[in-house]
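Each residue of the sequence shown is one higher than the last, beginning at 15 in the numbering used here.
Worksheet: one structure, shown below.
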Amino acid sequence: MRELGWREFSYHLLYHFPNMPSEPLRCKFADFPWGDDPTALAAWQKGNTGYPIVDAAMRELWHTGFMANRARMIVASFLVKHLLIPLAERRGLVP
């Protein structure tokens, strides 16, 4: 039931803020200084960051095609909050 609640909440936000997928909800974050480090991105993708939990999760993904839910949260957070590399949608890699 909680997952359904989060889904409906997301639909509610998208209805009222249709630009949310491509623009920040709060204007003060429009000029956030995102990083652009291809070397760091490649290290993250291959599991060579030097952070054992991140590397183990990414290597698991490469070897099995699967990553546990908590591990997905950790590697995504590392990418966005530590490396300051925006998600694919923000970089224009996903339509």
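From the three backbone atoms N, C-alpha and C, an ideal C-beta is built for every residue, glycine too.
Since the structure is predicted, the reported quantities are computational estimates derived from the model, not experimental observations.
- Sequence-distant Cβ neighbours of R86 in its own chain, meaning closer than 8 Å and more than five residues away, are A71.
- Its chain contains L39 as the residues whose beta carbon lies nearer than 8 Å to that of F31, once the 5 sequence neighbours on both sides are disregarded; these appear in chain order.
- Only residues of its own chain outside the window of five on either side were considered, and among them P100, L101 have a CB closer than 8 Å to the CB of V94, listed in chain order.
- Here L98 carries a coil assignment [DSSP, helix/strand/coil].
- Taking the Cα positions, Y65 is about 15 Å away from T53.
- Within the stretch 55-86, the complete alpha helix (DSSP H) segments at least 4 residues long are 66-78, listed from N- to C-terminus.
- With 16 or more other Cβ atoms from the protein chains shown falling within 10 Å of its own Cβ, G61 counts as buried.
- With respect to the 8 Å criterion, L97 and G49 are classified as neighbours on the basis of their beta carbons.
- Residues of the same chain with a CB within less than 6 Å of the CB of L75, apart from the 5 flanking positions on each side, are M81 in chain order.
- Measuring C-alpha to C-alpha distances from I67 to each of C41, Y29, P35, A90 identifies A90 as the nearest.
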